[in-house]
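Worksheet: one structure, shown below.
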Amino acid sequence: MSIAKTPPPPYVAVIFTSVRTAVDEGYAQTSEEMTAMAEGQPGFLGVESNRGADGLGITVSYWRDMDSVRAWKAVAEHRMAQKLGRERWYRAYCTRVAVVEREYGFSV
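Number 86 in full-length UniProt numbering belongs to position 86 of the sequence shown; there are no gaps in the numbering.
So this is what it looks like as structure tokens:
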């Protein structure tokens, strides 16, 4: 895993926090497909994702602007993956959309 390289703010962060069910069938493949598809969308800037052993996961995707976020949400394959997530893979989830106004960091 690496830290997404984002441009100077402002840009948009979509924060998806979820708790998994025990069902694994198709999850990894769908997740990989959605990441690859998002990477090809206009306005996509990067993604960071992690899941703990307890099933709690957080994925943050970064986008140029709100129009890019709305366009990604409207992609048919993404909408189908969301439906499967509600039906099979998640016990709970919350999506938060925020505008990043400032960033700073450190790396060696």
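Ideal Cβ placement from N, Cα and C applies to all residues, glycine included.
Based on the DSSP secondary-structure assignment, which residues constitute the bridge partners of residue 51?
Residue pairing of residue 51 in beta bridges, as defined by DSSP: 57.
Ordered along the chain, which non-local residues of its own chain (more than five positions away) have a Cβ less than 8 Å from that of residue 3?
48, 105, 107
Which residues in the same chain as residue 92 place their Cβ atom closer than 8 Å to its Cβ, once the five residues preceding and following it in sequence are excluded?
Sequence-distant partners of residue 92 (beyond 5 residues in either direction) whose C-beta falls short of 8 Å from its own C-beta, in its chain, are 18, 19.
Along the chain, where does the beta strand (DSSP E) that runs through residue 98 open and close?
90-100
Residue 63 bridges to which residues according to DSSP?
12, 44
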